[in-house]
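Inspection log for the structure reproduced underneath, given as structure tokens.
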Ligand SMILES: Nc1nc2c(c(=O)[nH]1)N[C@H]1C(S)=C(S)[C@@H](COP(=O)(O)OP(=O)(O)OC[C@H]3O[C@@H](n4cnc5c(N)ncnc54)[C@H](O)[C@@H]3O)O[C@H]1N2
Ligand code: MOO
């Protein structure tokens, strides 16, 4: 069977995937959730012109010269506006956040004044507009300040509060179930028997799932039997997973049973095997409402495929505007030979020169079982299928690996 190009595989994974329904959550629960709709300000901020300093609200016509002596007719504090306008020769004591009284057009800070009974003497000339925050200088009622599809930052929460929203409409988090397969796998901390391998790839995958804002459900390890693999797949359906990720058992060996088990369960398979290294035996299909991504068992293959396919799928279900992990240009730190039919994702060290140029040097061992150099690499160098030989110093495309 011909290997499917990566771009076609990605299109197939995203085909028909639509944002999940929205739910309303309190602001404190909304950090890193994805906003479901554009959010407009429910009020103008500041609602009226306000003082930025403690001092005196004045009319520049009276106070534009040193030694001006003004009558203090009252006091304005934050939340306690003043009920009359300033007339000629008048000033009002004002504190930071106080509403600037009608008639005033500047604030003189108190350090530039001398109080004199019920009068104040100006020691630094007032400048029109100085220390006044005009009404609506931050935002105006009705303005859309946060757009649907945005992953909410910590600052966004304060902004939304200031816009007078106590709760926000966000997308439901996708539930991603992870099923490992393999008789040889034992849990970290145990004493592996002959030929056994310590289960590892689920840890990075679940962390990636959570950092993308989805819920990770661990379905454990299925033994290499059809019955155990089918049972694992059924657990994903029972858990009402939006996405099922299987790892291992994706290739062509006698013990690679994931495709067989998915077929037995009636999967609508979109593809199996892609033109990518690592990640060739990846598969994808739909099982009722569950989107299934069958990842290869090699830890590097499963992680790289998750970055490339699972992250955009989660982001699509979350309605995120930015679907893909960003790509950048770097210069190759060493020569690379011509590529074959498989698009290559090479683990690489990344250095930044003082002028900002990025140098990406692929590590020499690219075997997909090597977690050591995956963890110590900072980027993946992407080489298209059939890319010709590339000299050190030539441009290449990279994706940074998450911290
Ligand atoms: N004749 C062929 N053989 C293979 C092909 C091929 O095209 N023809 N493809 C190779 C490629 S490429 C890959 S990638 C692997 C992937 O195969 P599977 O998905 O069937 O993976 P497994 O055989 O189950 O496991 C591979 C390797 O990874 C270890 N593993 C599995 N799961 C875990 C886990 N959760 N934690 C840690 N390590 C895990 C497993 O023990 C194996 O060593 O197939 C090639 N073969
Ligand atoms: O595609 Mo496999 O992931 O090359 O080792």
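Residue numbers (the UniProt record's numbering): 1 to 403.
Built from N, CA and C at the ideal position, the CB exists for glycine as well.
Original post:
Counting by C-beta, which residues lie closer than 6 angstroms to a heavy atom of ligand 2, in chain order?
Top reply: 277, 278, 279, 280, 296, 298, 301 and 368
Original post:
Less than 7 angstroms between the CB of residue 201 and some heavy atom of ligand 1, yes or no?
Top reply: yes
Original post:
Quick one: what's residue 287 bridged to in DSSP?
Top reply: 290
Subject >> Where the alpha helix (DSSP H) containing residue 244 begins and where it ends >> reply: Not the alpha helix (DSSP H): residue 244 falls in the beta strand (DSSP E), residues 243–247.
**OP:** Give the secondary structure of residue 54 by DSSP, where H, G and I count as helix, E and B as strand, and everything else as coil.
**Re:** coil
Original post:
What residue range is occupied by the uninterrupted alpha helix (DSSP H) comprising residue 202?
Top reply: 201–211
Subject >> Straight-line Cα distance separating residue 29 from residue 272 >> reply: 39 angstroms
**OP:** Return the CA-CA distance between residue 404 and residue 391, expressed in angstroms with no decimal places.
**Re:** Lying before the first or after the last residue shown, residue 404 is absent from the chain, which here runs from 1 to 403.
Original post:
DSSP three-state call for residue 239: helix, strand or coil?
Top reply: coil
Original post:
Given 8 angstroms as the limit, is there contact between the region 148–163 and the region 24–38, that is, 3 or more CB pairs closer than that?
Top reply: yes
Original post:
Does the beta carbon of residue 225 fall short of 7 angstroms from some heavy atom of ligand 1?
Top reply: no
Subject >> Cβ shell of residue 164 (< 6 angstroms), same chain only, five flanking positions each side left out >> reply: 42 and 43
Original post:
Can you check whether the CB of residue 396 is closer than 8 angstroms to the CB of residue 360?
Top reply: yes
Original post:
In terms of residue numbering, what span does the beta strand (DSSP E) encompassing residue 361 cover?
Top reply: 358–362
Original post:
residue 242 to residue 156, Cα distance in whole Å?
Top reply: 28 angstroms
Subject >> 4-residue-minimum alpha helix (DSSP H) runs that sit fully inside the region 250–336, ordered along the chain >> reply: 258–264, 299–305 and 311–317
**OP:** For residue 169, write down the residues that DSSP places opposite it in a beta bridge.
**Re:** 24
Original post:
Relative to the alpha-carbon of residue 216, which residue among 314, 39, 16 and 372 has its alpha-carbon at the smallest distance?
Top reply: 314
Original post:
Considering only residues of the same chain and omitting the five flanking positions on each side of residue 134, which have a CB-CB separation below 6 angstroms?
Top reply: 49
Original post:
Tell me the DSSP bridge mates of residue 477?
Top reply: This structure does not reach residue 477, given that the chain is present from 1 up to 403, and the question cannot be answered.
Subject >> Whether residue 14 touches residue 316 by CB criterion (8 angstroms) >> reply: yes
**OP:** Give me the Cβ distance between residue 72 and residue 91, rounded to the nearest whole Å; I'm assuming they're in contact under 8 angstroms.
**Re:** 5 angstroms
Original post:
Among residues of its own chain, excluding the 5 on either side of residue 387, which ones have a beta-carbon nearer than 6 angstroms to its beta-carbon?
Top reply: 339
Subject >> Helix, strand or coil at residue 29 according to DSSP, with G and I counted as helix >> reply: helix
Original post:
Going by Cα to Cα distance, which pick from 329, 311 and 188 is closest to residue 321?
Top reply: 311
Subject >> Span separating the alpha-carbon of residue 304 from that of residue 279 >> reply: 7 angstroms
**OP:** Kindly indicate which three-state DSSP category residue 151 falls into: helix, strand or coil?
**Re:** strand
Subject >> Residue burial classification, residue 204 (beta-carbon count within 10 angstroms, cutoff 16) >> reply: buried
Original post:
Are the CB atoms of residue 25 and residue 275 nearer to each other than 8 angstroms?
Top reply: no
Subject >> Cut-off 8 angstroms between Cβ atoms - residues of its own chain near residue 22, not counting five sequence neighbours on either side >> reply: 36, 37, 169, 170, 171 and 172
Subject >> Cβ pair count under 8 angstroms reaching 3, the region 281–293 against the region 235–252 >> reply: yes
Original post:
Of the choices 99, 246 and 66, whose alpha-carbon is the least far from that of residue 80?
Top reply: 99
Subject >> Between the CA atoms of residue 121 and residue 127 - distance to the nearest angstrom >> reply: 15 angstroms
Original post:
Taking the alpha helix (DSSP H) that residue 189 falls in, what are its first and last residues?
Top reply: No alpha helix (DSSP H) holds residue 189; DSSP gives it neither H nor E.
**OP:** Have a look at residue 158 and residue 93 and give me their C-alpha separation to the nearest angstrom.
**Re:** 30 angstroms
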